[in-house]
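Numbering (UniProt numbering), first residue to last: 1 to 335. Heads up, the beta-carbon is just placed ideally off N, CA and C, and yes, glycines get one too. Report on one structure; see the data block that follows.
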């Protein structure tokens with residue numbers, strides 16, 4: 001899908017042009033470069049209006065996973081718990097880059113956000129990121145009382161690759177049966193390694209194009225890339241069964257590579273009986289709400305997300321399984 005300048009929302013054009021000039025396409029070396037840059041300045045991304053705490057938990061192999069915990073300066077009890085997975089094409093980024101999102105979620109609900117610094121594809125390909133995400137989810141469930149969160153209101157969200165991990169994690173959690181997720185927020189998710197939809201082919205939009213998408217999936221999947229053996233935990237668009245997944249909110253830009261795979265994902269969720277709030281924003285490229293937060297369309301997208309989130313806080317709950325393997329018996333309740 002060829003994207004012309006005239007197709008882009010007027011408030012997004014200048015920023016899109018600038019981004020294409022400084023980094024038109026992500027390559028493996030650029031993933032590594034920008035990853036070093038974000039890690040170097042991660043502390044400057046933190047907002048003093050919310051409390052930030054760092055925890056380290058041990059992986060099965062003995063290495064440690066860093067968790068960033070964000071909560072109100074004056075913590076409340078009995079609040080939603082959100083696992084948030086940052087974006088970055090599976091190959092770059094840190095939890096702190098989503099601090100603006102954490103602040104909005106906390107202001108809306110006094111929630112506690114747990115954000116894992118999951119292993120990136122430039123360090124370890126799939127399934128490393130998913131394993132870290134699931135380990136963090138289990139840790140959050142096991143520390144409900146300490147964190148002050150509701151046992152029946154564990155939520156998961158993320159943007160881009162983090163949205164892909166969100167979609168993968170809800171499938172994985174459903175199948176494992178260890179933890180029930182009440183609500184998911186996979187924003188413009190990266191979920192289809194086949195890259196054969198109209199929006200994904202020959203897309204030259206700013207921020208994220210077809211070449212970046214190809215390079216990212218190649219790094220993330222490693223030896224699985226371009227094979228028929230890619231599991232749906234790596235690329236959730238490959239899943240055939242979307243039953244028993246939590247209520248969902250998502251949105252996507254009209255001009256980005258992930259448009260069509262997001263549309264298909266939403267359609268499959270609805271066909272499986274899942275409640276979904278979904279919008280497509282015209283004239284928008286990937287991550288428009290992050291790179292141009294003050295644009296009218298970005299503010300509209302944020303308001304749409306926050307309204308859906310607030311509704312979820314009041315209405316969506318999922319009781320934790322009493323024994324392993326019975327997630328399918330745990331229906332999402334509405335109050």
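Can you grab the Cα-Cα spacing for the pair residue 59 / residue 132, in whole Å?
Along the chain shown, read from residue 1 onward, the residue named residue 59 stands at position 59. Along the chain shown, read from residue 1 onward, the residue named residue 132 stands at position 132. Approximately 8 Å between the Cα atoms of the pair.
Same chain, Cβ closer than 8 Å to residue 140, five either side skipped, listed in chain order:
Taking the first residue of the chain shown as 1, we reach residue 140 at position 140. Only 81, 83, 114, 147, 149, 154 meet the Cβ criterion.
Report the residue from 232, 187, 283 whose alpha carbon sits nearest the alpha carbon of residue 263.
Your numbering for residue 263 matches position 263 in the chain shown. It is 187 whose Cα lies nearest to the Cα of residue 263.
Would you say residue 71 and residue 50 are within 8 Å of each other, going by their C-beta atoms?
The sequence position of residue 71 within the chain shown is 71, counting from 1. The sequence position of residue 50 within the chain shown is 50, counting from 1. Cβ atoms of residue 71 and residue 50: closer than 8 Å.
Check this for me: beta carbons of residue 122 and residue 91, under 8 Å apart or not?
Counting from 1 along the chain shown, the entry for residue 122 is found at position 122. Counting from 1 along the chain shown, the entry for residue 91 is found at position 91. Yes. Within cutoff.
Under DSSP, the alpha helix (DSSP H) around residue 215 begins and ends at which residues?
Counted from its first residue, the chain shown places residue 215 at position 215. Its alpha helix (DSSP H) spans residues 210–221.
Given that a residue counts as buried once 16 or more other Cβ atoms are within 10 Å of its Cβ, and exposed if not, what is residue 41?
Against the chain shown, residue 41 aligns to sequence position 41. Here residue 41 is exposed. Its C-beta has fewer than 16 other C-beta atoms within 10 Å.
Tell me the rounded alpha-carbon separation between residue 196 and residue 15.
To locate residue 196, count along the chain shown from 1; it is residue 196. To locate residue 15, count along the chain shown from 1; it is residue 15. So the alpha carbons of these two residues sit roughly 28 Å apart.
Within its chain, find whatever has a CB closer than 6 Å to the CB of residue 35; leave out the 5 residues flanking it on each side and keep chain order.
Position 35 of the chain shown, counting from 1, holds the residue named residue 35. Within the same chain, residue 35 has close Cβ partners 92.
Backbone secondary structure at residue 174 - three-state DSSP:
Position 174 of the chain shown, counted from the first residue, corresponds to residue 174. Residue state, collapsed to three classes: helix.
Does the stretch 302–315 touch the stretch 245–255, meaning 3 or more C-beta pairs lie closer than 8 Å?
Yes, since at least three Cβ pairs between the stretch 245–255 and the stretch 302–315 fall closer than 8 Å, the two stretches touch.
Count the other CB atoms, across all protein chains shown, that sit within 10 Å of the CB of residue 192; report buried if there are 16 or more and exposed otherwise.
Locating residue 192 in the chain shown gives position 192, counting from the first residue. Under this definition residue 192 is a buried residue.
Leaving aside the five residues before and after residue 45 along the sequence, list all residues of the same chain whose C-beta is less than 7 Å from its C-beta, in chain order.
As a working note, residue 45 is residue 45 in the chain shown. Cβ within range, chain order: 96, 97, 99.
Beta-carbon spacing of residue 283, residue 255 below 8 Å
For the purposes of this step, residue 283 is identified with residue 283 of the chain shown, where counting begins at 1. For the purposes of this step, residue 255 is identified with residue 255 of the chain shown, where counting begins at 1. For residue 283 and residue 255, yes; Cβs fall inside 8 Å.
Please list, in chain order, all residues of the same chain as residue 109 whose beta carbon is under 8 Å from its beta carbon, the five residues on each side excluded.
In the chain shown, counting from the first residue as 1, residue 109 sits at position 109. Closer than 8 Å at Cβ, skipping near neighbours: 79, 80, 309, 310, 313.
Backbone secondary structure at residue 151 - three-state DSSP
Residue 151 sits at position 151 when you count from the first residue of the chain shown. Residue 151: strand per DSSP, three-state reduction.
Could you check the C-alpha separation between residue 19 and residue 207 for me, to the nearest Å?
Here residue 19 is taken as the residue at index 19 of the chain shown, counted from 1. Here residue 207 is taken as the residue at index 207 of the chain shown, counted from 1. So the two alpha carbons sit approximately 6 Å from each other.
Distance, residue 13 Cα to residue 5 Cα
In the chain shown, the residue the question calls residue 5 occupies position 5. In the chain shown, the residue the question calls residue 13 occupies position 13. Cα to Cα, the separation comes out at about 7 Å.
Among 253, 175, 127, the one whose alpha carbon lies nearest that of residue 239
Within the chain shown, the letter at position 239 stands for residue 239. It is 175 whose Cα lies nearest to the Cα of residue 239.
Going straight from the alpha carbon of residue 296 to that of residue 11, what length do you get?
Residue mapping note: residue 296 aligns to position 296 of the chain shown, counting from 1. Residue mapping note: residue 11 aligns to position 11 of the chain shown, counting from 1. Looking at the two C-alpha atoms, the distance is approximately 8 Å.
Check the DSSP bridge columns for residue 56 and list the partner residues they point to.
For this step, residue 56 is matched to residue 56 along the chain shown. Paired residue(s): 66.
Span separating the alpha-carbon of residue 85 from that of residue 159:
Here residue 85 refers to the residue found at position 85 of the chain shown. Here residue 159 refers to the residue found at position 159 of the chain shown. Computed Cα separation, rounded: 7 Å.
If contacts are defined as beta-carbon pairs under 8 Å, then residue 65 and residue 127 qualify, I think. What distance do you get, rounded to the angstrom?
Numbered from 1 along the chain shown, position 65 holds the residue referred to as residue 65. Numbered from 1 along the chain shown, position 127 holds the residue referred to as residue 127. Contact between residue 65 and residue 127 is absent: CB atoms are separated by about 14 Å, not below the 8 Å threshold.
Could you give the residue range of the beta strand (DSSP E) that holds residue 249?
In the chain shown, residue 249 corresponds to position 249, counting from 1. Per DSSP, residue 249 belongs to the beta strand (DSSP E) from 248–253.
Residue 221 versus residue 279 - alpha carbon distance:
In the chain shown, counting from the first residue as 1, residue 221 sits at position 221. In the chain shown, counting from the first residue as 1, residue 279 sits at position 279. So the two alpha carbons sit approximately 29 Å from each other.
Where residue 286 falls, given that 16 or more other Cβ within 10 Å makes a residue buried:
Taking the first residue of the chain shown as position 1, residue 286 is located at position 286. Residue 286 should be labelled buried.
Using DSSP with H/G/I as helix, E/B as strand and the rest coil, what is residue 320?
Here the question's residue 320 lines up with position 320 in the chain shown. Note: residue 320 maps to coil in three-state DSSP.
Rounding to the nearest angstrom, what Cα-Cα distance links residue 277 and residue 29 in this structure?
To locate residue 277, count along the chain shown from 1; it is residue 277. To locate residue 29, count along the chain shown from 1; it is residue 29. In a straight line, the C-alpha of residue 277 is about 37 Å away from that of residue 29.
8 Å contact criterion, which residue 272 and residue 242 should meet: CB distance rounded
Counting from 1 along the chain shown, the entry for residue 272 is found at position 272. Counting from 1 along the chain shown, the entry for residue 242 is found at position 242. The distance from the Cβ of residue 272 to that of residue 242 is about 4 Å, consistent with a contact at the 8 Å cut-off.
Backbone secondary structure at residue 279 - three-state DSSP
Within the chain shown, residue 279 is the residue found at index 279, counting from 1. Correct three-state label for residue 279: strand.
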